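Accompanying notes for the structure given below.
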Amino acid sequence: MLDIKGLLVARGEGAQAHRVRLNELHLEQGEIRAITGESGCGKSTLLEAIGLLLAPQQLNHYRLGREAVDVRQLLAENQQPALAALRSRQLGFVLQNGGLLPFLKVRDNIQLPRRLLGLSSRSRAVEKAVEVLRLEPLLDKYPQSLSIGERQRVACVRAIAHEPQLLLADEPTAALDPHNAQRLFELLLSLVNELGLSALVVSHDWALIDQFGLPRLGAVNGEGETRFEPLV
Amino acid sequence: MNPWFKQLGLLMQLSVADLWHDRKVSLCMAASLMAVIAPLLLLFGLKHGVVSQLQQELLSDPRNLEVKMLSSSHYDLDWLERLRQRPEVGFAIGQTRSLNTQADLQGERGRFADNIEVIPTQAGDPLLNTPLSAVQGNQVILSARTAERLAAKVGDNIRLRVVRRLDGVNERGEQTLQVQAVLEPARFARPAAFVSPELLLDLEYFRDGYRVPTLGSTSGQLLDSVKVGYARARVYAKDIDNVEALERWLNEQHVETSSRLAEIDSVKAINHVLGLIFGVIAGAALIGCIASLVGAFLANIDRKRRNLAVLRLLGFGSLAVASYVVLQALLLSAVGYLGGLGGYFAGSVLFDHLLGSSQATGTFICHITFGHGLTALLLAFLVAALVAMIGALRAIRIQPAESLREL
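As structure tokens, this is what we get:
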């Protein structure tokens, strides 16, 4: 589903460059992995690289999705349109503050990825997610009239609306109180399970990760470099 | 992926939704366009209205086209023909010596009119401006004053009389003419009768002592030896712009002339000055408008940077985001233009109402044509697109990854 080997990305130039290394990551369908580490260690950088938003310096192997698309080759040939298409089709992002468009109603925000891809407006997965998250009464509201917890729930539904294969969440609970954070985690887990996705969740809420017993990919800091390794 | 037109439709919906959601700012930007478009349209409407009215006045009076020949000389038919062939000339007809251009008329009801000016006319005479001006030898067109004095109507037969003294004997020449038309008083103010050039020549020959059968004379020299000649001509330029060239040509022929070139030139000068003033004001307004729009646009894009980044993240290409920005600019300028057009109509109604009835200004018109309106719309789009290009250049540099980074 997701298979990465020998990934190295750099942020910044020259002496100030900070490198982020990931030797190996393998995710099966329905598997979820938490990425942890202190602030500024490069969690987001790693997520951007895996999310095809940032070109890596080195990459030995990267295959994505059930079709096992060879991402390494696309990157090597710098095929930007193909990469962008792959990103919008196979990846779903949950952003820290939701990243909802303020000028669209909740319903239209959720529908936007499907419309962009030319998919039919009806989706079992979306309907189910809306029902489970009790978003029905919010559908005709604008994001500004939603609480932050509600916004993050909507963002989760939008991230899976086009039925991607890999869900990438960047500190989705950072702005939430513990109770809401727990509910959102529950939701993410159930979505991943039911839709058969893989998910990477950046978080520094260790307690929550432990509570749900999620396997972790932790940061190990070195000289100008952070290495992410599986932690037990 | 969607085909491009579906994508464009989606972009359009998003643009409208964004503008509507942000309507206070959108309104400000549309208003700044409107604030430029409305006064410019009004100013241009005034310029166009005033100038076209002055030009209309020039055109409506055929005397403005006339180049009067002041001196008398002898011109033969060849010269007249050459004059007619000139490209500047719209109409030319020969005239006899001024002493011989008068005659007495008698109407059907016995009313007389003495010493009426007899003027030659022919098809295409701008002075009469009627197809009836193609008069035959036995037809006449009367000015309003003459018709009044004779109590004559169209279709009446009137008698034209001339007298001469030949070998100590007073003789009278006479011809019956049918009234073809009576001119409006404004067309020709003096009492006059318009006849065919042949009849006018006959009158001159009669006075000169020739035998002219059409006037019923049986004495005098035979006409065979006479060569047709004119003392002057009534000449009209083809249009206003040809008056100057025509007058110059006549002067080169050593003909003294007078014309209304000064009035024509003053209208042209007014047009030029107003055009210049309008151009400078429009230029200044446009520069200010572009500067303020560029500022507003760039600030707007910075403000919406996160939204644009999210659009990129969801899968819109950089070109799509650039079109999104340009689409918004075009929508705003369309709204601004419509507002400006509304402002123009309100202003022009006000102008026409308040100033149009005033005696001092005469009929006062603020007027633009459909073409002017269309030009203004295209200009507004051009300015908006230009401004949006600058914004779009900034927008295409927005990376989808920015949506992940907290600013």
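Residue numbers (the working numbering), protein chains in the order written: chain A, 1 to 232; chain B, 233 to 639.
Beta carbons: idealized from backbone N, C-alpha and C, even for Gly.
In this text the structure is predicted, and so the values were computed from the model without any measurement.
Whole-angstrom distance between Glu194 of chain A and Ile32 of chain A, CA atom to CA atom: Residue numbering aside, residue 32 of chain A sits at position 32 when the first sequence is read from its first letter. Residue numbering aside, residue 194 of chain A sits at position 194 when the first sequence is read from its first letter. Going by the C-alpha atoms only, they are around 13 Å apart.
Nearest-angstrom Cα separation, counted from Leu47 of chain A out to Ala155 of chain A: Locating residue 155 of chain A in the first sequence gives position 155, where the first residue counts as 1. Locating residue 47 of chain A in the first sequence gives position 47, where the first residue counts as 1. Approximately 17 Å, taken between the alpha carbons.
Exposure of Ala383 of chain B, with buried meaning 16 or more beta-carbon neighbours within 10 Å: Within the second sequence, the letter at position 151 stands for residue 383 of chain B. Exposed, since its Cβ has fewer than 16 Cβ neighbours within 10 Å.
Given 8 Å, three or more beta-carbon pairs between the segment 318-332 of chain B and the segment 522-540 of chain B: no
Contacting positions in the segment 114-148 of chain A - beta carbon closer than 8 Å to chain B: Those residues of the segment 114-148 of chain A placed with their C-beta closer than 8 Å to a C-beta in chain B are Arg115, Leu116, Leu117, Gly118, Tyr142, ordered along the chain.
Integer-rounded CB distance, given that Ala469 of chain B should sit under 8 Å from Ala554 of chain B: On the second sequence, position 322 is the one that residue 554 of chain B refers to. On the second sequence, position 237 is the one that residue 469 of chain B refers to. In fact, because the Cβ distance is near 56 Å, the residues do not count as touching under 8 Å.
Residue-level contact to chain A via CB, Asn532 of chain B, 8 Å cutoff: The residue you call residue 532 of chain B lines up with position 300 of the second sequence. By this cut-off, Asn532 of chain B is not an interface position.
Own chain residues within Cβ distance below 7 Å of Gln16 of chain A, not counting five before or after: Stepping through the first sequence from its first residue, residue 16 of chain A is reached at position 16. Nothing meets the Cβ criterion.
Ala376 of chain B and Leu312 of chain B closer than 8 Å at C-beta: Within the second sequence, the letter at position 144 stands for residue 376 of chain B. Within the second sequence, the letter at position 80 stands for residue 312 of chain B. Contact: no.
Helix, strand or coil at Pro352 of chain B [DSSP, three-state]: Taking the first residue of the second sequence as 1, we reach residue 352 of chain B at position 120. The answer is strand: DSSP assigns Pro352 of chain B an E or B state.
Beta carbon proximity, Asn539 of chain B to chain A, threshold 8 Å: Translated into the one-based positions of the second sequence, residue 539 of chain B becomes position 307. Chain A, which has a Cβ nearer than 8 Å to the Cβ of Asn539 of chain B, makes this yes.
Inter-stretch contact (C-beta, 8 Å, three-pair minimum) for the segment 378-398 of chain B and the segment 337-353 of chain B: yes
Selection from A:Asn221, A:Leu231, A:Pro230 that minimises the alpha carbon distance to Glu38 of chain A: Residue numbering aside, residue 38 of chain A sits at position 38 when the first sequence is read from its first letter. If we check each option's Cα against that of Glu38 of chain A, A:Asn221 comes out closest.
Within-8 Å CB hit, Gly547 of chain B to chain A: Translated into the one-based positions of the second sequence, residue 547 of chain B becomes position 315. So, interface residue.
When B:Glu476, B:Glu634, B:Ser247, B:Gly568 are compared against Leu273 of chain B, the one with the closest alpha-carbon: Counting from one through the second sequence, the residue named residue 273 of chain B turns up at place 41. Ranking the options by Cα distance to Leu273 of chain B, first place goes to B:Gly568.
Runs of alpha helix (DSSP H) wholly within the segment 469-542 of chain B (minimum 4 residues, chain order): 475-484, 493-535
Within chain A, the residues that Ser635 of chain B reaches when beta carbons sit closer than 8 Å: Within the second sequence, numbered from 1, the residue matching residue 635 of chain B stands at position 403. In chain order: Phe93, Leu95, Gly99.
Nonlocal neighbours in the same chain, by C-beta distance under 7 Å from Ser490 of chain B, ignoring five residues either side: Sequence index remark: in the second sequence, residue 490 of chain B carries index 258 (1-based). Result list for Ser490 of chain B: Lys300, Leu302, in chain order.
Coil, strand or helix - Gln165 of chain A by DSSP: Here the question's residue 165 of chain A lines up with position 165 in the first sequence. Gln165 of chain A falls in the coil class under three-state DSSP.
Residues near Leu639 of chain B by beta carbon distance below 6 Å, same chain, minus five either side: As a working note, residue 639 of chain B is residue 407 in the second sequence. Confidence in Leu639 of chain B is poor, its pLDDT being 44 and thus under 50, which makes the residue's placement unreliable; the coordinate value appears in the next sentence. No residues qualify anywhere along the chain.
Check whether Thr446 of chain B and Gln407 of chain B have beta carbons under 8 Å apart: In the second sequence, counting from the first residue as 1, residue 446 of chain B sits at position 214. In the second sequence, counting from the first residue as 1, residue 407 of chain B sits at position 175. Contact flag set, yes.
Test item: CB-CB of Gly6 of chain A and Asn78 of chain A under 8 Å: Along the first sequence, one-based indexing puts residue 6 of chain A at 6. Along the first sequence, one-based indexing puts residue 78 of chain A at 78. No, the Cβ-Cβ distance between Gly6 of chain A and Asn78 of chain A is not below 8 Å.
Touch test, the segment 247-266 of chain B against the segment 541-554 of chain B, Cβ-Cβ under 8 Å, three pairs minimum: Too few Cβ pairs lie closer than 8 Å, so no.
Through-space distance from Ser203 of chain A to Ala181 of chain A, alpha-carbon basis: Translated into the one-based positions of the first sequence, residue 181 of chain A becomes position 181. Translated into the one-based positions of the first sequence, residue 203 of chain A becomes position 203. Each residue's alpha carbon lies about 11 Å from the other.
Whole-angstrom C-beta distance between Leu275 of chain B and Phe602 of chain B, which should lie under 8 Å: Counted from its first residue, the second sequence places residue 602 of chain B at position 370. Counted from its first residue, the second sequence places residue 275 of chain B at position 43. No, Phe602 of chain B and Leu275 of chain B are not in contact; Cβ-Cβ is about 18 Å, not under 8 Å.
C-alpha gap between Arg114 of chain A and Glu28 of chain A, whole angstroms: By one-based count along the first sequence, residue 114 of chain A stands at place 114. By one-based count along the first sequence, residue 28 of chain A stands at place 28. Their Cα atoms are separated by approximately 25 Å.
CB contact check: Leu240 of chain B to chain A, cutoff 8 Å: Stepping through the second sequence from its first residue, residue 240 of chain B is reached at position 8. Taking Cβ atoms only, chain A never reaches closer than 8 Å to Leu240 of chain B, which makes this a no.
Span separating the alpha-carbon of Pro235 of chain B from that of Leu242 of chain B: Against the second sequence, residue 235 of chain B aligns to sequence position 3. Against the second sequence, residue 242 of chain B aligns to sequence position 10. In a straight line, the C-alpha of Pro235 of chain B is about 11 Å away from that of Leu242 of chain B.
Contact under 8 Å by Cβ, Thr173 of chain A with Asp205 of chain A: In the first sequence, the residue the question calls residue 173 of chain A occupies position 173. In the first sequence, the residue the question calls residue 205 of chain A occupies position 205. In this structure, Asp205 of chain A lies closer than 8 Å to Thr173 of chain A by Cβ.
8 Å contact criterion, which Gln90 of chain A and Leu166 of chain A should meet: CB distance rounded: Here residue 90 of chain A corresponds to residue number 90 of the first sequence, with the count starting at 1. Here residue 166 of chain A corresponds to residue number 166 of the first sequence, with the count starting at 1. Going by Cβ atoms, the distance from Gln90 of chain A to Leu166 of chain A rounds to 6 Å, so yes, they are a contact pair.
Beta-carbon gap between Leu636 of chain B and Asp170 of chain A smaller than 8 Å: For the purposes of this step, residue 636 of chain B is identified with residue 404 of the second sequence, where counting begins at 1. For the purposes of this step, residue 170 of chain A is identified with residue 170 of the first sequence, where counting begins at 1. A contact, by the Cβ cut-off of 8 Å.
Residue from A:Ile35, A:Leu54, A:Pro178, A:Ile4 with nearest C-alpha to Arg11 of chain A: For the purposes of this step, residue 11 of chain A is identified with residue 11 of the first sequence, where counting begins at 1. Comparing Cα positions, the closest option is A:Leu54.
Chain D within 8 Å of Val567 of chain B, Cβ atoms only: This model lacks chain D altogether; the protein chains it does include are A and B.
Local conformation of Ile373 of chain B per DSSP, three classes: Residue numbering aside, residue 373 of chain B sits at position 141 when the second sequence is read from its first letter. Of the three classes helix, strand and coil, the one that applies to Ile373 of chain B here is strand, per DSSP.
Contacting residues, own chain, Cβ-Cβ under 6 Å from Lys279 of chain B (five flanking each side not counted): In the second sequence, the residue the question calls residue 279 of chain B occupies position 47. Contacts found: Leu506, Phe510.
Anticipated Cβ contact below 8 Å, Arg481 of chain B with Glu298 of chain B, distance rounded: Translated into positions along the second sequence, residue 481 of chain B becomes position 249. Translated into positions along the second sequence, residue 298 of chain B becomes position 66. Rather than Arg, the amino acid found at residue 481 of chain B in this sequence is Trp. No, Trp481 of chain B and Glu298 of chain B are not in contact; Cβ-Cβ is about 15 Å, not under 8 Å.
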